[in-house]
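**Student:**
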Amino acid sequence: MLELTDISVHYGDLKSVRNVSLQVKEKEAVALIGPNGSGKTTTLKAILGLVPLASGQMRFLGQEINSLPSYRRVKLGISLVAEGRRIFPRMTVRENLELGAYPLGGKADVKGQLEWVYQFFPILRERERQVAGTFSGGEQQMLAIGRALMAKPRLLMLDEPSLGLAPVIIEQLYARIQQLKREGLTILLVEQYVSGALELADRAYVLETGTIRRDGVARDLLEDPEIQRSYLAICEEGGGLRP
Amino acid sequence: MSLQIMFDLIMSGLCLGGIYALMAFSLSISLSTTRVLNIAHGGFLILGAALAMLLTRYAEIPLLYALPIFLFSWVVLGYLFEIVVVRPLIGKSPEDVLIGSILITFGFTMAMDAFLSFYWAKFVDPTPTFSLTYRLPPLRLLGYTISGTRTFIVCFAAALILGFHCLLKYTGFGKAARAISEDAEGALITGLNPQGIAVKVYICAVLTAAMAGAFYVLLNPLAPYASFHLTLIALTIIVIGGVGSLPGALVGGVVLGLAEVMTAFFISPAWSPMTYLLIFFLVLVIKKEGLMGGAR
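Protein chains in written order, with our numbering: chain A, -17 to 225; chain B, 57 to 352.
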């Protein structure tokens, strides 16, 4: 479904992503893990066209997307739930969600999409008229996912959805993401919360200093001693994220 | 002082305030959605006034036909302005956008002013000032008379501001414009097309400025070189009211309009710029995010 071949992204003089190749197949959940500053977020931004590609090729559903503007990529079915959520804090929950369907243009079935999103996150229906900036972190994350779902994505990319959330909330959130996966949505997940990501994902890539170090079946990586030493231990120490 | 004079003064102040509010809000929305500071904005008021004069006074086209020509011309000119002047700036880094926009639109203003005054003096009137007269019969209310023209201007300005409010609140385009002004990158992630929205915003902004200009010269004459002065007033109102805020522009515009009219009447017209600098100063001291800055 999504195929990156040898992509590189430069940030100023820095090469922050170097010759990364990865694939996401239909209905698959893929995790992208690695330490801070390893280029995970940059990779997701490049897929959506928020940062320019220095070299390489990106294909989505067989179509080359290298030079498409972001809004065209969203329309094709790539949605990103960005790090820090990036919801519109002064607008209501409903307005935020409606904007999610904006790229689909006049043909969008906004009501139907809203119903679908409300099924996943009933709290959004209850607080439809509330201004989004007054939401708690977990609720904002649900809204951000809901907004991404409004664009009817084929591929949902999530950037650190667990960031800054309490363990109980993370557990609820992952249950929802799991549910989306069961409904047949393709997922590309970037996480610091490695154990949760690897339990959810089918396959995973390990990114270090802008290049892919390892890749494989998520379950194998979860049991790999090296991965456990470098990532899981850090996670447990770093605030006990393990729910 | 009689109540009649007070009535007239308030009506004049509201009139000027409504025009200022339109002028300021149209600049404010184009600034908050594209981050392009359009110094040429005041110039569109003057060009609007000039075109309105050209159509009604010199070409003597009846209002019924002049109005659609006026509106259509400004939609086209707003579109061209976005494509030629604004578009090259969109997507650049914030510092480049700010400096680039000031340089480009300032140059554009000077070219526009010089072009207009030169050709106006050459072909239309050797001493260019823009003014229009459009008399409506006065209204009578509880024994007082109210100028019909002013009532018309106030109503029209109020209707346009209400229209803007509905546009922003209820239409997809309005929501997208608000989203972009809140968080430009968040809007990009959501899949909004900034260029598509910028075009529509500039058409609205330029059209509104031109209409405000045509109304302005019903009240006071304008010199062709006043464009920078008008832009400054608009910027003052934006800072007083809060960037991107429609209620802010409305309150700021009316406060400045009333203050200008009152100062001109009670002290002297020469003092009116002083008044709004004073208001500007006071607002910045008391509430630096603007009157409505926190709640746009």
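Where is the CB? At the ideal position from N, CA and C, for every residue including glycine.
1) Please classify N18/A as buried or exposed, where buried requires at least 16 neighbouring CB atoms within 10 angstroms.
2) Does DSSP classify D206/A as helix, strand or coil?
3) For M109/B and L263/B, what's the separation of their Cα atoms in angstroms?
4) I want to see whether chain B comes within less than 7 angstroms of A126/A, judged by CB atoms only; does it?
5) Would you say the region 128 to 140 of chain A touches the region 158 to 177 of chain A, given that touching needs at least three Cβ pairs under 8 angstroms?
6) Express the C-alpha separation of L192/B and K231/B in angstroms, rounding to a whole number.
7) At which residue ranges does the region 26 to 78 of chain A contain complete beta strand (DSSP E) runs of 3 or more residues, listed in the order of the chain?
8) Inspect the beta-carbon positions of I293/B and L312/B and report whether they are closer than 7 angstroms.
9) Go through its chain and collect everything with a Cβ distance to L334/B's Cβ below 7 angstroms, but skip five positions before and after it.
10) If you check the beta carbons only, do V172/A and L30/A fall under 7 angstroms apart?
11) Tell me, which residues are paired with T193/A by DSSP?
12) Enumerate in chain order the residues of its own chain whose CB-to-CB distance from V227/A is below 7 angstroms, with the five nearest sequence positions on each side excluded.
13) Look at the Cβ atom of L204/A, then the Cβ atom of L180/A, and state whether they are nearer than 7 angstroms.
14) Against chain B, with Cβ distances strictly below 7 angstroms, would R136/A count as a contact?
15) Quick one: is L347/B buried, meaning 16 or more other Cβ sit within 10 Å of its Cβ, or exposed?
16) So with Cβ pairs under 7 angstroms, would you call T90/B a contact of chain A?
17) Taking 7 angstroms as the limit between beta carbons, can you name the residues of its chain near E80/A, skipping five residues before and five after?
18) Sort S212/A, Q123/A, K22/A, E110/A by Cα distance to I(-11)/A and report the nearest one.
19) Near T191/A, what residues of its chain come up, given a Cβ to Cβ distance below 7 angstroms and the 5 sequence neighbours on each side ignored?
20) Could one say the Cβ of G222/A lies closer than 7 angstroms to chain B's Cβ atoms, at least one of them?
21) Let me know the secondary structure DSSP gives Y156/A once reduced to three states.
22) To which residues of the same chain is Y200/B closer than 6 angstroms at the C-beta, ignoring the five residues directly before and after it?
23) Just how far apart, CA to CA, sit P303/B and E345/B?
24) Taking its Cβ as the centre, do 16 or more other Cβ atoms sit within 10 Å of V339/B, making it buried, or is it exposed?
25) Name the chain A residues that come within less than 8 angstroms of N249/B, Cβ to Cβ?
26) Hey, could you find the ends of the alpha helix (DSSP H) I265/B is sitting in?
27) For C71/B, count the other beta carbons within 10 Å of its own beta carbon; 16 or more makes it buried, fewer makes it exposed. Which is it?
28) Applying the 10 Å Cβ sphere with the 16-neighbour rule, what's the burial state of G94/A?
29) At a Cβ threshold of 7 angstroms, is E238/B touching chain A?
30) Below 7 angstroms between beta carbons: does that hold for F103/A and M124/A?
**Tutor:** Walking through what the data contain:
1) exposed
2) coil
3) 16 angstroms
4) no
5) yes
6) 38 angstroms
7) 37 to 42, 60 to 63
8) yes
9) none
10) no
11) E190/A
12) Since the displayed chain A opens at -17 and closes at 225, residue 227/A lies outside it and no answer follows.
13) yes
14) no
15) buried
16) no
17) V92
18) K22/A
19) S20
20) Confidence in G222/A is poor, its pLDDT being 45 and thus under 50, which makes the residue's placement unreliable; the coordinate value appears in the next sentence. For G222/A, the answer is no, since every Cβ of chain B falls outside 7 angstroms of its Cβ.
21) helix
22) Q60, F63
23) 14 angstroms
24) buried
25) P51, Y53, P85
26) Strictly speaking, residue 265/B in this sequence is Ala, with Ile absent from that position. It spans 250 to 275 - the alpha helix (DSSP H) in which A265/B sits, taken as one unbroken run.
27) buried
28) exposed
29) yes
30) yes
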